[in-house]
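In the numbering used here, each residue's number is its place in the sequence shown (first place is 1) plus 133.
Ideal placement from N, C-alpha and C gives every residue a C-beta, glycine not left out.
Keep in mind it's a predicted model, so treat the numbers as computed, not measured.
Only one structure is covered here, and it is reproduced in the block below.
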Amino acid sequence: MNKSSFLKSLNDVWCRLAVTRHGVGVVAIRDIPKGINPFKNCDPHGDVLEIAEKELEESAAPKEAKQLVRDFCALQDGIYFVPDYGIDAIDKSYFLNHSKKPNMVTLNDGEVFVTARSVKKGEELTANYEQYHEYVKVFVNKQRRDIY
(Lines of atoms letter the chains of each structure in order from A; the text may use other names.)
(Lines give C-alpha, C1' and ligand atoms only; values in the text may rest on other atoms or scores of the structure.)
Protein backbone atom coordinates (compact mmCIF):
# COMPACT_ATOMS: atom_id res chain seq x y z
CA MET A 134 0.00 0.00 0.00
CA ASN A 135 1.31 3.44 -0.86
CA LYS A 136 0.41 6.81 0.72
CA SER A 137 -2.36 7.54 -1.75
CA SER A 138 -4.05 4.16 -1.29
CA PHE A 139 -3.66 4.46 2.49
CA LEU A 140 -5.42 7.83 2.50
CA LYS A 141 -8.15 6.46 0.21
CA SER A 142 -8.62 3.43 2.51
CA LEU A 143 -9.58 5.78 5.35
CA ASN A 144 -12.95 6.21 3.59
CA ASP A 145 -13.69 2.59 4.53
CA VAL A 146 -12.88 2.95 8.25
CA TRP A 147 -16.13 2.61 10.17
CA CYS A 148 -15.24 1.31 13.64
CA ARG A 149 -12.61 0.78 16.29
CA LEU A 150 -11.93 -1.34 19.35
CA ALA A 151 -13.27 0.27 22.51
CA VAL A 152 -14.39 -0.45 26.04
CA THR A 153 -18.00 -1.71 26.03
CA ARG A 154 -20.36 -3.20 28.57
CA HIS A 155 -18.89 -6.57 27.52
CA GLY A 156 -15.29 -5.51 28.18
CA VAL A 157 -13.70 -4.91 24.78
CA GLY A 158 -15.78 -4.71 21.63
CA VAL A 159 -16.16 -3.00 18.27
CA VAL A 160 -17.81 0.42 18.24
CA ALA A 161 -18.93 2.55 15.27
CA ILE A 162 -16.88 5.75 14.93
CA ARG A 163 -19.46 7.16 12.48
CA ASP A 164 -22.90 6.18 11.23
CA ILE A 165 -22.76 2.98 9.16
CA PRO A 166 -25.42 2.33 6.50
CA LYS A 167 -27.12 -1.06 6.18
CA GLY A 168 -25.21 -3.63 4.07
CA ILE A 169 -21.70 -2.27 4.73
CA ASN A 170 -18.74 -4.52 5.57
CA PRO A 171 -16.97 -2.41 8.22
CA PHE A 172 -14.02 -4.81 8.17
CA LYS A 173 -13.33 -4.52 4.42
CA ASN A 174 -9.68 -3.58 4.92
CA CYS A 175 -8.98 -6.01 7.76
CA ASP A 176 -6.63 -8.68 6.46
CA PRO A 177 -7.36 -8.17 2.74
CA HIS A 178 -4.79 -10.79 1.72
CA GLY A 179 -5.24 -13.48 4.35
CA ASP A 180 -7.10 -16.73 4.15
CA VAL A 181 -8.32 -19.26 6.68
CA LEU A 182 -6.94 -22.64 7.61
CA GLU A 183 -9.07 -25.51 8.81
CA ILE A 184 -7.79 -27.11 12.01
CA ALA A 185 -9.68 -30.07 13.44
CA GLU A 186 -10.58 -29.72 17.10
CA LYS A 187 -8.67 -32.96 17.78
CA GLU A 188 -5.57 -31.60 15.97
CA LEU A 189 -5.59 -28.52 18.16
CA GLU A 190 -5.99 -30.54 21.37
CA GLU A 191 -3.23 -32.99 20.42
CA SER A 192 -0.78 -30.29 19.31
CA ALA A 193 2.23 -29.38 21.45
CA ALA A 194 1.06 -25.74 21.60
CA PRO A 195 0.79 -24.17 25.06
CA LYS A 196 -2.66 -24.50 26.60
CA GLU A 197 -2.96 -20.70 26.77
CA ALA A 198 -2.37 -20.38 23.02
CA LYS A 199 -4.92 -23.13 22.33
CA GLN A 200 -7.40 -21.17 24.43
CA LEU A 201 -6.95 -18.13 22.16
CA VAL A 202 -8.01 -20.29 19.21
CA ARG A 203 -11.07 -21.49 21.15
CA ASP A 204 -11.94 -17.94 22.21
CA PHE A 205 -11.55 -16.18 18.86
CA CYS A 206 -12.02 -18.69 16.03
CA ALA A 207 -15.30 -20.11 14.75
CA LEU A 208 -15.89 -23.84 15.29
CA GLN A 209 -18.15 -25.67 12.85
CA ASP A 210 -18.55 -29.43 12.61
CA GLY A 211 -15.45 -30.00 14.73
CA ILE A 212 -13.27 -27.70 12.60
CA TYR A 213 -11.75 -24.40 13.77
CA PHE A 214 -11.41 -21.76 11.07
CA VAL A 215 -8.19 -19.93 11.92
CA PRO A 216 -6.37 -17.02 10.22
CA ASP A 217 -3.49 -18.23 8.07
CA TYR A 218 -1.36 -15.31 9.28
CA GLY A 219 -1.37 -16.53 12.90
CA ILE A 220 -3.43 -15.94 16.01
CA ASP A 221 -1.26 -12.98 17.12
CA ALA A 222 -2.37 -10.91 14.13
CA ILE A 223 -6.14 -11.08 14.56
CA ASP A 224 -7.98 -7.90 13.61
CA LYS A 225 -10.88 -5.96 15.13
CA SER A 226 -13.47 -8.15 13.41
CA TYR A 227 -12.60 -10.89 15.92
CA PHE A 228 -13.85 -8.67 18.75
CA LEU A 229 -17.55 -8.66 17.82
CA ASN A 230 -19.52 -9.48 20.94
CA HIS A 231 -22.57 -11.75 21.00
CA SER A 232 -26.15 -10.52 20.90
CA LYS A 233 -29.52 -12.16 20.35
CA LYS A 234 -30.46 -8.91 18.55
CA PRO A 235 -27.31 -8.26 16.49
CA ASN A 236 -26.72 -5.36 14.13
CA MET A 237 -24.26 -7.46 12.08
CA VAL A 238 -24.92 -10.60 10.04
CA THR A 239 -22.51 -13.04 8.47
CA LEU A 240 -22.83 -13.88 4.81
CA ASN A 241 -20.68 -16.99 4.89
CA ASP A 242 -20.46 -18.67 8.28
CA GLY A 243 -18.42 -15.99 10.02
CA GLU A 244 -15.92 -15.11 7.32
CA VAL A 245 -17.52 -11.81 6.19
CA PHE A 246 -19.84 -9.57 8.21
CA VAL A 247 -22.12 -6.77 7.03
CA THR A 248 -24.44 -4.44 8.88
CA ALA A 249 -27.97 -5.86 9.16
CA ARG A 250 -29.36 -2.35 9.62
CA SER A 251 -28.09 1.20 9.93
CA VAL A 252 -25.75 1.54 12.91
CA LYS A 253 -25.33 4.83 14.77
CA LYS A 254 -22.01 6.38 15.75
CA GLY A 255 -21.04 5.11 19.22
CA GLU A 256 -23.13 1.92 18.93
CA GLU A 257 -21.44 -1.41 19.61
CA LEU A 258 -21.33 -3.81 16.65
CA THR A 259 -22.59 -7.27 17.62
CA ALA A 260 -23.20 -10.63 15.96
CA ASN A 261 -25.24 -13.68 16.87
CA TYR A 262 -22.65 -16.39 17.50
CA GLU A 263 -25.32 -19.03 16.90
CA GLN A 264 -25.09 -18.19 13.18
CA TYR A 265 -21.55 -19.50 12.87
CA HIS A 266 -20.22 -21.13 16.05
CA GLU A 267 -21.37 -24.57 17.19
CA TYR A 268 -20.38 -24.11 20.84
CA VAL A 269 -22.16 -20.82 21.38
CA LYS A 270 -23.98 -22.02 24.52
CA VAL A 271 -20.71 -23.07 26.14
CA PHE A 272 -19.12 -19.82 24.98
CA VAL A 273 -21.87 -17.62 26.37
CA ASN A 274 -22.21 -19.53 29.65
CA LYS A 275 -18.46 -19.43 30.15
CA GLN A 276 -18.54 -15.66 29.80
CA ARG A 277 -21.36 -15.55 32.44
CA ARG A 278 -22.94 -12.54 30.84
CA ASP A 279 -26.51 -11.57 30.21
CA ILE A 280 -27.06 -11.64 26.48
CA TYR A 281 -29.28 -8.87 25.29
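List the DSSP bridge partners of residue i.
{"i": "residue 265", "result": "None, per the DSSP bridge assignment."}
{"i": "residue 209", "result": "212"}
{"i": "residue 165", "result": "252"}
{"i": "residue 149", "result": "160"}
Return the chain-ordered list of same chain residues with a C-beta closer than 7 angstroms to the C-beta of residue i, the five sequence neighbours on each side being excluded.
{"i": "residue 170", "result": "245, 246, 247"}
{"i": "residue 217", "result": "179, 180, 181, 182"}
Among the options, which one has its Cα closest to the Cα of residue i?
{"i": "residue 262", "options": "217, 187, 186, 207", "result": "207"}
{"i": "residue 251", "options": "217, 196, 163, 213", "result": "163"}
{"i": "residue 253", "options": "190, 143, 160", "result": "160"}
{"i": "residue 256", "options": "196, 197, 233, 158", "result": "158"}
{"i": "residue 265", "options": "249, 174, 239", "result": "239"}
Report the CB separation of residue i from residue j in whole angstroms; it is logged as a contact under 8 angstroms.
{"i": "residue 215", "j": "residue 184", "result": "5 angstroms"}
{"i": "residue 236", "j": "residue 258", "result": "6 angstroms"}
{"i": "residue 143", "j": "residue 225", "result": "Residue 143 to residue 225, Cβ: 15 angstroms. No contact."}
Rounded to whole angstroms, what's the CA-CA distance from residue i to residue j? Just pull it up for me.
{"i": "residue 181", "j": "residue 194", "result": "19 angstroms"}
{"i": "residue 188", "j": "residue 145", "result": "37 angstroms"}
{"i": "residue 148", "j": "residue 199", "result": "28 angstroms"}
{"i": "residue 203", "j": "residue 229", "result": "15 angstroms"}
{"i": "residue 201", "j": "residue 168", "result": "30 angstroms"}
{"i": "residue 211", "j": "residue 141", "result": "40 angstroms"}
{"i": "residue 138", "j": "residue 260", "result": "30 angstroms"}
{"i": "residue 249", "j": "residue 234", "result": "10 angstroms"}
{"i": "residue 196", "j": "residue 176", "result": "26 angstroms"}
{"i": "residue 232", "j": "residue 135", "result": "38 angstroms"}
Got a sec? Which residues, its chain only, sit under 8 angstroms from residue i by beta carbon, not counting five neighbours each side?
{"i": "residue 205", "result": "220, 223, 227"}
{"i": "residue 174", "result": "142, 145, 146"}
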